[in-house]
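For the sequence shown, the tail end lands on 416 under the working numbering, and the numbers increase by one without skipping. For each residue, glycine too, the CB sits at the ideal point set by N, CA and C. Structure first, then comments.
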Amino acid sequence: MNTEPHTTRILILDDDPFILKLLHRMLANMGFASVICCENGVEALKLLEDTATRPGLILLDLNMPGMDGIEFIRHLVGQKFTGNLILVSGEEERMLQTAEKLVQAHQIPILGYLQKPVQPDALRVLLMKLATTSAHNGQEKHQKIYSAGEIKAAIDSGELINYYQPKVKVATGAVVGVETLVRWRHPVDGMVYPGQFVHAAEQHGLIDHLTQAVIRQAFIQAGIWQKSGLELKVAVNVSMDNLTSLDFQDVVVKLAAEAGILPGKIVLEITESQLMGDIRISLEILARLRLKRFHLSIDDFGTGHSSLAQLRDIPFGELKIDQGFVHHASTNETLRAIYDASLALAKQLNIEAVAEGVEDREDWELLRQTGCDLAQGNFISRPMPAEALAGWMDQWHTRIRDESLITSNTDPA
Ligand code: C2E
Ligand code: MG
Ligand code: MG
Numbered sequence: 004m005n006t007e008p009h010t011t012r013i014l015i016l017d018d019d020p021f022i023l024k025l026l027h028r029m030l031a032n033m034g035f036a037s038v039i040c041c042e043n044g045v046e047a048l049k050l051l052e053d054t055a056t057r058p059g060l061i062l063l064d065l066n067m068p069g070m071d072g073i074e075f076i077r078h079l080v081g082q083k084f085t086g087n088l089i090l091v092s093g094e095e096e097r098m099l100q101t102a103e104k105l106v107q108a109h110q111i112p113i114l115g116y117l118q119k120p121v122q123p124d125a126l127r128v129l130l131m132k133l134a135t136t137s138a139h140n141g142q143e144k145h146q147k148i149y150s151a152g153e154i155k156a157a158i159d160s161g162e163l164i165n166y167y168q169p170k171v172k173v174a175t176g177a178v179v180g181v182e183t184l185v186r187w188r189h190p191v192d193g194m195v196y197p198g199q200f201v202h203a204a205e206q207h208g209l210i211d212h213l214t215q216a217v218i219r220q221a222f223i224q225a226g227i228w229q230k231s232g233l234e235l236k237v238a239v240n241v242s243m244d245n246l247t248s249l250d251f252q253d254v255v256v257k258l259a260a261e262a263g264i265l266p267g268k269i270v271l272e273i274t275e276s277q278l279m280g281d282i283r284i285s286l287e288i289l290a291r292l293r294l295k296r297f298h299l300s301i302d303d304f305g306t307g308h309s310s311l312a313q314l315r316d317i318p319f320g321e322l323k324i325d326q327g328f329v330h331h332a333s334t335n336e337t338l339r340a341i342y343d344a345s346l347a348l349a350k351q352l353n354i355e356a357v358a359e360g361v362e363d364r365e366d367w368e369l370l371r372q373t374g375c376d377l378a379q380g381n382f383i384s385r386p387m388p389a390e391a392l393a394g395w396m397d398q399w400h401t402r403i404r405d406e407s408l409i410t411s412n413t414d415p416a
């Protein structure tokens with residue numbers, strides 16, 4: 004472990020004196036010298052008020068008489084606490100997961116949670132994260148908010164560029180497609196991610212403009228890959244806000260024709276981020292695009308407002324299981340149940356299932372065991388510029404062999 008985090012001031016808040024003693028001893032054994040114990044929230048908040056005693060890390064019990072852990076978290080927000088948090092509790096795991104989500108929603112950095120009785124190894128693993136999170140913290144805060152003018156200028160001047168993330172067949176490792184993910188190469192702020200401007204573009208009425216710019220580039224790129232002999236389906240993200248005017252389908256059809264791409268090579272990934280008003284227009288657009296043989300995919304399945312109703316009403320050929328249900332699903336029962344149910348639904352409806360956010364080997368193995376059709380995620384590859392794809396594919400085929408990612412009698416094809 005890095006030596007620097009050992010100087011972190013740690014506060015343990017728990018109503019049980021025995022737990023306080025135990026955790027104190029564990030931390031001391033791991034080399035943490037500056038540890039304060041508190042038996043109730045009120046006392047702990049006093050320590051937080053004074054910058055001289057403000058801890059960099061709090062180990063927080065959830066179940067306490069008087070002020071409980073959840074209420075204490077609210078006070079932390081009020082105090083603009085910027086240190087790290089570890090939740091400790093004897094409650095069942097789902098309760099801890101809910102509390103963790105709450106902390107994350109308040110944007111307080113959380114290293115994770117520990118179930119009582121606390122195992123020293125579990126604590127050590129979480130503390131290892133201290134070194135990395137303290138290095139990242141500063142950067143993730145202060146996300147800049149861009150104005151309508153800035154976003155429009157970026158689209159018009161070509162500062163938006165497409166990255167592409169591979170989608171691969173789980174059974175064979177074959178690269179069957181890519182998803183287009185827009186990036187803003189900002190001249191001053193560097194690489195800006197869609198989370199920081201797509202929603203703003205929707206709110207400022209710029210989403211049609213943005214989507215057209217992305218689609219135009221993506222279809223041209225699809226044409227280039229097609230000419231070079233690469234058989235790839237190219238997916239683009241479509242916001243429900245794009246589906247409010249009947250012009251949309253004409254634009255998509257026209258751009259595909261101009262690029263010389265058949266609709267069957269294109270996947271439109273539809274996400275619903277807000278409640279829809281009149282769905283008749285979006286249904287009409289999607290039905291007509293499907294009649295023209297474009298593929299429709301339901302993105303972030305399981306989140307949003309009416310995924311099941313959408314599945315009923317729209318002729319989707321692909322279902323993308325949201326990354327929030329994929330990563331760690333092999334060890335987390337709740338995630339696993341949702342993942343299994345989504346996969347079963349796709350199979351029963353006879354549509355292709357894609358697992359998003361496949362981050363590690365455990366995630367990949369789960370997809371293999373459960374027979375998920377396609378996989379996408381950082382374990383396979385991060386999104387990359389178009390030029391990098393061919394080189395990546397060579398490496399990927401080597402990796403499939405060297406790391407035995409597929410059952411060997413199936414050749415990537
Ligand atoms: P999405 O369509 O669900 O895309 C997947 C997101 O997950 C991408 O984030 C991708 O970089 C990220 N990702 C991929 N693999 C992993 C992984 O293993 N772990 C984790 N934690 N994340 C992974 P990105 O590029 O930041 O895009 C975020 C969202 O922004 C997209 O989610 C999509 O909804 C939206 N978006 C991106 N490009 C466009 C666009 O051109 N138009 C519209 N309307 N929305 C877009
Ligand atoms: Mg998508
Ligand atoms: Mg998604």
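Query	Result
For I218, which of helix, strand or coil comes out of DSSP?	helix
Looking at I324 and G176, is the spacing between their C-beta atoms short of 8 Å?	no
Where L130 and L114 are concerned, what is the direct C-alpha to C-alpha distance, given to the nearest angstrom?	8 Å
Can you tell which of L348, D250 and R186 has the C-alpha that lies nearest to the C-alpha of E3?	The shown model of the chain, from 4 to 416, leaves out residue 3, and the question about it has no answer.
Three-state secondary structure (DSSP) at F200?	coil
Take R219 and list the residues in its own chain whose beta-carbon comes closer than 7 Å to its own, dropping the five residues that flank it on each side.	L258
Measuring from each Cβ to the nearest heavy atom of ligand 2, keep the ones under 5 Å and list them in chain order.	N240, E272 and D302
Within the continuous beta strand (DSSP E) that includes A177, where are the two ends?	First-last for A177: undefined, no H or E at that position.
Are Y342 and F328 closer than 8 Å when you measure CB to CB?	yes
V239 and E272 - do their beta-carbons sit closer together than 8 Å?	yes
Near H330, what residues of its chain come up, given a Cβ to Cβ distance below 6 Å and the 5 sequence neighbours on each side ignored?	G360, E362 and D366
Leaving aside the five residues before and after T306 along the sequence, list all residues of the same chain whose C-beta is less than 6 Å from its C-beta, in chain order.	D325
So, under 8 Å CB-CB, G226 and A262 are touching, yes? Tell me the CB distance rounded to an integer number of Å.	4 Å
Return yes when the Cβ of A358 is within less than 8 Å of the Cβ of L370, no when it is not.	yes
Return the first residue and the last residue of the alpha helix (DSSP H) that S285 is part of.	I282 to L294
In this structure, does DSSP put E162 in helix, strand or coil?	coil
Buried or exposed, going by whether 16 or more other CB atoms sit within 10 Å of the CB of G141?	Residue confidence for G141 is low, a pLDDT of 44 falling below 50, so the modelled location carries little weight and cannot support an answer.
Quick check on I148: buried or exposed, where buried means 16 or more other Cβ atoms within 10 Å of its Cβ?	exposed
Judging by CA-CA distance, which residue of P388, D376, G193 and P386 is the nearest neighbour of V179?	D376
Taking 8 Å as the cut-off, decide whether the C-beta atoms of Q252 and R283 are in contact.	no
Return helix, strand or coil for T135, following the three-state DSSP convention.	helix
Does the distance from the C-beta atom of T11 to that of G59 stay below 8 Å?	yes
Three or more C-beta pairs under 8 Å: does that hold for the stretch 152–164 against the stretch 204–217?	yes
For a minimum of 3 consecutive residues, which ranges assigned as the beta strand (DSSP E) are wholly contained in the stretch 49–87?	60–64
Are the CB atoms of E182 and Q199 within a distance shorter than 8 Å?	no
Express the C-alpha separation of V185 and I403 in angstroms, rounding to a whole number.	28 Å
Please tell me whether E42 and D71 are closer than 8 Å, where the distance is taken between their beta carbons.	no
Relative to ligand 1, is the shortest distance from any of its heavy atoms to the C-beta of P388 smaller than 7 Å?	no
Cβ-heavy atom distance between S310 and ligand 1 below 7 Å?	no
Can you say whether V80 is buried or exposed, counting buried as having 16 or more other CB atoms within 10 angstroms of its CB?	exposed
Note down, one range per segment and in chain order, each beta strand (DSSP E) of at least 3 residues found wholly within the stretch 322–367.	355–358
List the DSSP bridge partners of A238.	E182 and V270
Can you tell me whether T6 is buried or exposed? The criterion is at least 16 other CB atoms within 10 Å of its CB, across all chains shown.	With a pLDDT of only 44 at T6, under 50, the local geometry of the prediction cannot be trusted, and the value read off the model is given with reservation. T6 should be labelled exposed.
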